[in-house]
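Residues 1 to 748 (full-length UniProt numbering) make up the sequence shown, in order. Report on the following structure.
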Amino acid sequence: MRLATAASLAAVAAVALPLLSLAALPLNDVSQLVLSGTLIFLLLALRQTAIRHLFFDNLGRFLRLLLLLIGVFITTRYLLWRAFYTLPDTSLLEFGLGVTLFAGEVFTFLIFILGAFVSLQPLVRPVAPLPEDRSAWPSVDVLIPSYNESPELLETTLLGAINIDYPADKINVYLLDDGATTAKRSQPSPQGREEAWSRRRTLKALCKRIGVHYLTRRLNHSAKAGNINDALPKVHGDLVLILDADHVPTCDILANTAGWFLRNPKLFLVQTPHFFVSPDPIEKNLGTFQKMPSEQEMFYTNIQRGLDFWNASFFCGSAAILRRHYLDEVGGIQGCTITEDAETALELHARGYDSAYIWQPMIAGLQPETFSSFVVQRSRWAQGMMQLFLLKNPLFLKHERGLHWWQKLCYLNSMMFWFFPLVRVIFLFAPLAYLLFGLGIFNADLAELLTYIVPHLTALVLIVDYLYGNVRWAFVSEFYELALTLFLAPPLLSVIRHPNAPSFVVTAKGEVTDQDAVSPLVKPVYWMSALTLIAITIGFWRLFFVPGSLTTDLVTLFWSSVNLFLLFGALGALFERQQRRFSPRFPCSERAAILTSDSRIPGRIVDLSATGMRLAIEPFYRSAIEASAPTAVEIFPEGGSSIRIDIDVATLIPKKGHLEAGCRVRAESVQKKAEFIRFAYGDSNRWKTMLRSRDRRVGVSKAALVLTRLMLKYGIAHFVFISRRWFKRRTASRRVGESVHSEQALSS
Numbered sequence: 001m002r003l004a005t006a007a008s009l010a011a012v013a014a015v016a017l018p019l020l021s022l023a024a025l026p027l028n029d030v031s032q033l034v035l036s037g038t039l040i041f042l043l044l045a046l047r048q049t050a051i052r053h054l055f056f057d058n059l060g061r062f063l064r065l066l067l068l069l070i071g072v073f074i075t076t077r078y079l080l081w082r083a084f085y086t087l088p089d090t091s092l093l094e095f096g097l098g099v100t101l102f103a104g105e106v107f108t109f110l111i112f113i114l115g116a117f118v119s120l121q122p123l124v125r126p127v128a129p130l131p132e133d134r135s136a137w138p139s140v141d142v143l144i145p146s147y148n149e150s151p152e153l154l155e156t157t158l159l160g161a162i163n164i165d166y167p168a169d170k171i172n173v174y175l176l177d178d179g180a181t182t183a184k185r186s187q188p189s190p191q192g193r194e195e196a197w198s199r200r201r202t203l204k205a206l207c208k209r210i211g212v213h214y215l216t217r218r219l220n221h222s223a224k225a226g227n228i229n230d231a232l233p234k235v236h237g238d239l240v241l242i243l244d245a246d247h248v249p250t251c252d253i254l255a256n257t258a259g260w261f262l263r264n265p266k267l268f269l270v271q272t273p274h275f276f277v278s279p280d281p282i283e284k285n286l287g288t289f290q291k292m293p294s295e296q297e298m299f300y301t302n303i304q305r306g307l308d309f310w311n312a313s314f315f316c317g318s319a320a321i322l323r324r325h326y327l328d329e330v331g332g333i334q335g336c337t338i339t340e341d342a343e344t345a346l347e348l349h350a351r352g353y354d355s356a357y358i359w360q361p362m363i364a365g366l367q368p369e370t371f372s373s374f375v376v377q378r379s380r381w382a383q384g385m386m387q388l389f390l391l392k393n394p395l396f397l398k399h400e401r402g403l404h405w406w407q408k409l410c411y412l413n414s415m416m417f418w419f420f421p422l423v424r425v426i427f428l429f430a431p432l433a434y435l436l437f438g439l440g441i442f443n444a445d446l447a448e449l450l451t452y453i454v455p456h457l458t459a460l461v462l463i464v465d466y467l468y469g470n471v472r473w474a475f476v477s478e479f480y481e482l483a484l485t486l487f488l489a490p491p492l493l494s495v496i497r498h499p500n501a502p503s504f505v506v507t508a509k510g511e512v513t514d515q516d517a518v519s520p521l522v523k524p525v526y527w528m529s530a531l532t533l534i535a536i537t538i539g540f541w542r543l544f545f546v547p548g549s550l551t552t553d554l555v556t557l558f559w560s561s562v563n564l565f566l567l568f569g570a571l572g573a574l575f576e577r578q579q580r581r582f583s584p585r586f587p588c589s590e591r592a593a594i595l596t597s598d599s600r601i602p603g604r605i606v607d608l609s610a611t612g613m614r615l616a617i618e619p620f621y622r623s624a625i626e627a628s629a630p631t632a633v634e635i636f637p638e639g640g641s642s643i644r645i646d647i648d649v650a651t652l653i654p655k656k657g658h659l660e661a662g663c664r665v666r667a668e669s670v671q672k673k674a675e676f677i678r679f680a681y682g683d684s685n686r687w688k689t690m691l692r693s694r695d696r697r698v699g700v701s702k703a704a705l706v707l708t709r710l711m712l713k714y715g716i717a718h719f720v721f722i723s724r725r726w727f728k729r730r731t732a733s734r735r736v737g738e739s740v741h742s743e744q745a746l747s748s
């Protein structure tokens, strides 16, 4: 199928390239304007039909290709106009600025083209069932690397691992503890030594109680990759399932994936999505979790399926099954870069082996809790992908069999995407060069603005929303990228200077935030916002009092205003909201009954966590609960047998039309804890339902309105908070001063 599609693409290119060359034909202004209007009308007219059909039938595939060709034509025409007619030539400095801006636009175009190529025909891969003869099933080692995670968090993941439905003689679970290595237990610091020894004792006892294996090593070399590689000689399964310490697997993760290894002997990887039951810091601070698609769903729902079609779906570090034999062939998990997962997949793809991606959420993980941890995580990804681009560029990587050209393009897209901070910095500062210093960055008049710039931007927004609108609303990418840019650009530049320098930094998970606070990273956003606001003020003065290019004035003012608005929203994202709950709650709707010594109170579970649940019951049951303390909850899962869990009722909160009982699970035995974790985390359909409830299209206009409202609301909340904090500190300081003055007066 890939070869047929590649051949079709070549045929399309043979037809399209002459058509694209029409973009360079000289036309008068009226003809160009008519052409622009016609193409945008075509996009709007065809887009809704294309969305309804997507890529599942011949009409959907044809419309997908047609829309992409129209978009490429409009953008090619725009870039040709930019290259030949708009670059400033009044001075070397202005020419340099103009070329830098143009280079950023060309990069954006390349990412658009590569992204469109990747998403040309996403593959919906079915589950490959295992044979009835269980003796033919491959043996599996479940490896859970850990560094500094808490025993409570690890217990949930380990219980999830022992709940996996697979023959007991064919599965072994290992905790790989890098927080209590020999080096850690013999470090110079007495406190550090004691913490490492205490961790070792606690986790060994935990593993023994649950019935899994505990492994550690001598040295902490090569971070996560080294931890896994040091464990590989001690395990002997045909397959390796790798799980992050906070990734709780569902019971069917192996039943849905292992069959592909029997079907395809060249398969080295089956990757599954990373699904999260907690919001990332931006979602948490802006209150968008479960109200719109999460930021990573574009990658795990659309892009990975697109990569899978081209046999380029890559290892994402967790929720993945790898064939041990091929892993040994390349010396285990690779460690030349700090994105060891993508590097390992690249090495194995380059040797001619295959990968597969199954879109079925079969782990539940945690996002970083704070913006600082979020930046640490994304900085590692960006630096690692830059390292891969510099040290193992897919265009030049050579092995016995090598990569197909389509795989090279897919990997190139995955790496080059992470250059976005450098390009966003250009887009942040370019309009300021004109507004603050009067330096020309492009030449255009109002007619050209309407003929080239507006159609180009409109086409990009419409096509990106068409490709990804079900999992990433319009302008959300711009917001996330701008919020991260000022923090990721310096680490990226350091990698360019020293490609081998970055070191692996573990992302903190399961943190708590005792109170609302402004992130300690906020200062660069303050400075950038202030600089942009000053530039806009000067720009309006220039517009009315300094003769110049009206088009450049209007474009740079609008551009900087959009940047300022996104920066204002970023300040909302940097206003850290209180988060005291260790175990995140997730929605549930199962019948249940609270059991007391003399009654049975029917209700429905509203939400769950690893440690408890919340039930909705009728208000008149309050007296029964208060009179006789509840001892258990009986749960009636749809399509399954009932489960009885011992609980304590911690809260009774009146709600509109019902009473909510907050229940704390009191599971004293491993068996009971595992039973509850199986109910809460074991069903992959629960996660699929959560995804479907938030993954929906809303269109460009509604997405823009929702994002605007959120950025205004939480940007204002940021300034209200710091104003109140300043006022409280000032008042407290004044009172201290008055008290000191009074004491001095009395003593005199």
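We put the beta carbon where it would ideally sit given N, CA and C, even for glycine. Note that the coordinates shown come from a computational prediction; the quantities given were computed from them, not determined experimentally.
DSSP beta-bridge partners of residue i
i, result
"R644", "E634"
"V270", "I321 and A356"
"V518", "F575"
"R604", "R591 and A616"
Status (buried if at least 16 other CB within 10 Å, exposed otherwise) for residue i
i, result
"N685", "exposed"
"H274", "buried"
"V15", "In this prediction, V15 has a pLDDT of 49, which is less than 50 and means its spatial position is unreliable; nothing more can be read from the coordinates."
"Y357", "buried"
"A703", "buried"
"N470", "buried"
"S189", "exposed"
"R735", "exposed"
"F84", "exposed"
"E618", "exposed"
"F540", "exposed"
"N612", "A small correction: the amino acid at residue 612 is Gly; Asn does not occupy that position in the sequence shown. Burial call: buried."
"G438", "exposed"
Closest Cα partner of residue i within the set the options
i, options, result
"A433", "L557, E660 and P394", "L557"
"K284", "G639, V665 and D516", "D516"
"V495", "A592, R380 and Q304", "R380"
"S313", "A364, F544 and Y300", "Y300"
"R64", "S36, F429, S119 and F636", "S119"
"L232", "L123, L659, G60 and Y326", "Y326"
"I171", "I162, S373 and T108", "I162"
"G572", "R591, L550 and F479", "F479"
"L712", "F565, L428 and Q296", "F565"
"residue 774", "L493, K523 and G306", "As displayed, the chain neither begins before 1 nor continues past 748, which places residue 774 out of reach and without an answer."
"C336", "R664, A501, W418 and L439", "A501"
"F62", "F107, P88, A103 and Q121", "Q121"
"L707", "D607, I605 and V562", "V562"
"residue 762", "K224, G115 and T250", "It is not possible to answer for residue 762, since the shown part of the chain is limited to 1 through 748."
"L550", "A616, N58, R696 and D445", "D445"
"L567", "L533, D598, R577 and E152", "L533"
"S641", "L652, A616, F679 and E347", "F679"
"A593", "E576, A616, D607 and L608", "A616"
### Task
Please list the segments of the beta strand (DSSP E) lying wholly inside the segment 207 to 247, counting only runs of 3 or more residues, in order along the chain.
Runs of the beta strand (DSSP E) spanning 3 or more residues and lying entirely within the segment 207 to 247 occur at 213 to 215 and 239 to 242, in chain order.
### Task
Report yes or no: do the segment 89 to 103 and the segment 191 to 198 share at least 3 C-beta pairs separated by less than 8 Å?
As far as the Cβ criterion goes, the segment 89 to 103 does not touch the segment 191 to 198, which means the pair count is below three.
### Message
Across the segment 115 to 129 and the segment 257 to 274, are there enough close Cβ pairs to call them in contact, namely three or more that are closer than 8 Å?
### Response
yes
### Task
Assess, as a yes-or-no matter, whether the segment 473 to 483 is touched by the segment 54 to 70 under the definition of 3 or more beta carbon pairs within less than 8 Å.
no
### Task
Could you pull out every unbroken beta strand (DSSP E) segment of at least 3 residues lying fully inside the segment 654 to 698, listed in chain order?
658 to 665
### Message
Give the list of continuous beta strand (DSSP E) stretches no shorter than 3 residues that lie fully inside the segment 439 to 500.
### Response
none
### Task
Run through the segment 137 to 186 for me and flag every whole alpha helix (DSSP H) of 4 or more residues, listed as ranges in chain order.
151 to 162 and 182 to 185
### Query
For the segment 78 to 120, which segments carrying the beta strand (DSSP E) assignment without a break, of at least 3 residues, lie completely within its bounds, in sequence order?
none
### Query
Is it a yes or a no for the segment 447 to 460 touching the segment 682 to 699, going by three-plus beta-carbon pairs under 8 Å?
Counting Cβ pairs under 8 Å, fewer than three are found: no touch.
### Task
May I have a chain-ordered list of the beta strand (DSSP E) segments no shorter than 3 residues that lie completely inside the segment 534 to 596?
591 to 595
### Query
Just checking, does the segment 241 to 249 make contact with the segment 290 to 304 on the three C-beta pairs under 8 Å criterion?
no
### Query
Okay, do the segment 654 to 669 and the segment 223 to 230 touch, 3+ Cβ pairs below 8 Å being the bar?
They do not touch, by the three-pair rule.
### Message
Measuring CB atoms only, is the segment 614 to 631 touching the segment 590 to 601, in the sense that at least three cross pairs come out at less than 8 Å?
### Response
Yes, the segment 614 to 631 is in contact with the segment 590 to 601.
### At least three beta-carbon pairs within less than 8 Å, the segment 214 to 226 to the segment 328 to 344
The segment 214 to 226 and the segment 328 to 344 touch, with no fewer than 3 CB-CB distances between them shorter than 8 Å.
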